[in-house]
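**Student:** If you use the numbering used here, the sequence shown closes out at 375, no skipped numbers anywhere.
Think of the CB as a built atom: it goes at the ideal place given N, C-alpha and C, for glycine as much as any other residue.
Pasting in a structure now, in structure tokens, and then I'll have a few things to ask.
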Amino acid sequence: MLVSLLFVVLASLGYQRDSLLGFRIVFLIAAILLLLSTMIALSMKDKGKQVKRSRLYYHKKYNKFYMLEIFYGARKQIFLTFAPYALILFYGADTSVIAMLLAVCAVFGMLLSPAIGALVDKLGYKKIMVADTLILVVVCILYGYAHRLFPMHIAFIVVCVNFVLDSIISLASMATNVYVRDLSTSREELTATLTTGISVNHLISVMIALLGGYIWKTLGIEVLFTLSAVLGVINSIFAATIKKPEQRTLY
125 MLVSLLFVVL ASLGYQRDSL LGFRIVFLIA AILLLLSTMI ALSMKDKGKQ VKRSRLYYHK
185 KYNKFYMLEI FYGARKQIFL TFAPYALILF YGADTSVIAM LLAVCAVFGM LLSPAIGALV
245 DKLGYKKIMV ADTLILVVVC ILYGYAHRLF PMHIAFIVVC VNFVLDSIIS LASMATNVYV
305 RDLSTSREEL TATLTTGISV NHLISVMIAL LGGYIWKTLG IEVLFTLSAV LGVINSIFAA
365 TIKKPEQRTL Y
């Protein structure tokens with residue numbers, strides 16, 4: 125929110141929205157905050173216990189989790205990279221707009237994370253996974269076709285709301301972690317499996333960034349987000365095949 129305010133103030137003082145002054149101030153503030161964070165972290169005393177575990181852990185019972193992480197990695201990269209590009213390149217959103225949208229997403233994330241966690245506990249992770257990815261299909265369609273379905277000024281508002289909604293439904297990824305917890309037999313196995321999932325997630329993110337950029341350039345935004353919607357449908361079907369494992373009380 126401070127970033128948005130800064131650029132609004134600079135604009136009122138006569139600076140262009142792409143003026144380097146605003147970016148220099150923002151990155152200077154960020155550098156100062158990072159320096160302060162480093163000093164605070166260095167002052168902490170590490171009381172953790174060393175645990176021996178594999179950096180990458182594979183077991184066939186987690187195959188569906190690994191596949192879900194592949195889908196989530198693709199979805200995350202599309203949101204992080206191509207959703208802002210859609211706002212900036214198609215609708216001319218400036219720095220203050222993007223910064224404010226990210227701030228709104230952060231606020232909703234803080235407020236709704238506990239509620240989504242409660243829904244996972246109440247409805248079960250399977251229903252949340254399926255519902256999450258079905259909503260994602262609608263989100264992808266709006267990203268790709270809002271400019272064709274609505275006048276541009278309305279499409280811009282629709283995509284901004286879509287951006288926030290995309291951020292909110294991404295919180296449902298915690299359902300996957302609950303699924304892994306039910307499958308694992310120890311804390312060490314749980315941690316190692318989640319770490320492996322993150323590695324798979326990052327690997328597919330890099331691939332999707334390259335492939336998605338190529339698709340955007342050669343085939344257009346509509347094709348990119350249509351393929352994303354197809355991935356969402358496949359993800360929903362895949363999540364629907366998950367069976368709840370037997371309850372364990374080992375930890």
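Note down the Cα distance separating A217 from V285, rounded to an integer number of angstroms.
**Tutor:** The straight-line gap from Cα to Cα measures roughly 13 Å.
**Student:** Quick one: which unbroken beta strand (DSSP E) runs of 3-plus residues sit fully inside the region 255-334? Chain order, please.
**Tutor:** DSSP runs (the beta strand (DSSP E)) wholly in the region 255-334: none.
**Student:** Does D142 come out as helix, strand or coil in the three-state DSSP assignment?
**Tutor:** DSSP places D142 in coil when its eight states are reduced to three.
**Student:** Quick check on T373: buried or exposed, where buried means 16 or more other Cβ atoms within 10 Å of its Cβ?
**Tutor:** Low local confidence applies: a pLDDT of 47 at T373 is under 50, so the model's placement there is unreliable, with the coordinate-based value given in what follows. Flag for T373 reads exposed.
**Student:** DSSP three-state label for L137, please.
**Tutor:** Residue state, collapsed to three classes: coil.
**Student:** So Y190 is in the alpha helix (DSSP H); what residue range does that whole segment cover?
**Tutor:** Unbroken alpha helix (DSSP H) run through Y190: 187-201.
**Student:** Whose C-beta lies closer than 7 Å to the C-beta of L180 among residues of the same chain, with five residues either side of it excluded?
**Tutor:** Excluding sequence neighbours, L180 sits near T320, S323.
**Student:** Is the distance from the Cβ of G146 to the Cβ of L130 below 9 Å?
**Tutor:** The answer is yes: Cβ separation under 9 Å.
**Student:** What does the alpha-carbon distance come out to for the pair L159 and L126?
**Tutor:** Answer to the nearest angstrom: the Cα atoms are 19 Å apart.
**Student:** When the Cβ atoms of the region 276-292 are set against those of the region 253-266, are three or more pairs found closer than 8 Å?
**Tutor:** Yes: at least three Cβ pairs fall under 8 Å.
**Student:** Would you kindly work out how many angstroms separate the C-alpha atoms of Y375 and Y303, rounded to a whole number?
**Tutor:** Note on Y375: pLDDT 47, under 50, position unreliable in the model; the coordinate value appears next. One C-alpha to the other measures close to 15 Å.
**Student:** Mind pulling the alpha helix (DSSP H) runs of 4 or more residues that sit fully within the region 207-247?
**Tutor:** The region 207-247 contains these whole alpha helix (DSSP H) runs: 219-247.
**Student:** Report the option in G336, V330, S308 whose CA atom is closest to the CA atom of K184.
**Tutor:** K184 has its Cα closest to that of S308, out of G336, V330, S308.
**Student:** What does a CB cutoff of less than 8 Å around E346 pick up in its chain, not counting 5 residues either side in sequence?
**Tutor:** For E346, where only same-chain residues beyond five positions count, the Cβ hits under 8 Å are G268, Y269, R272.
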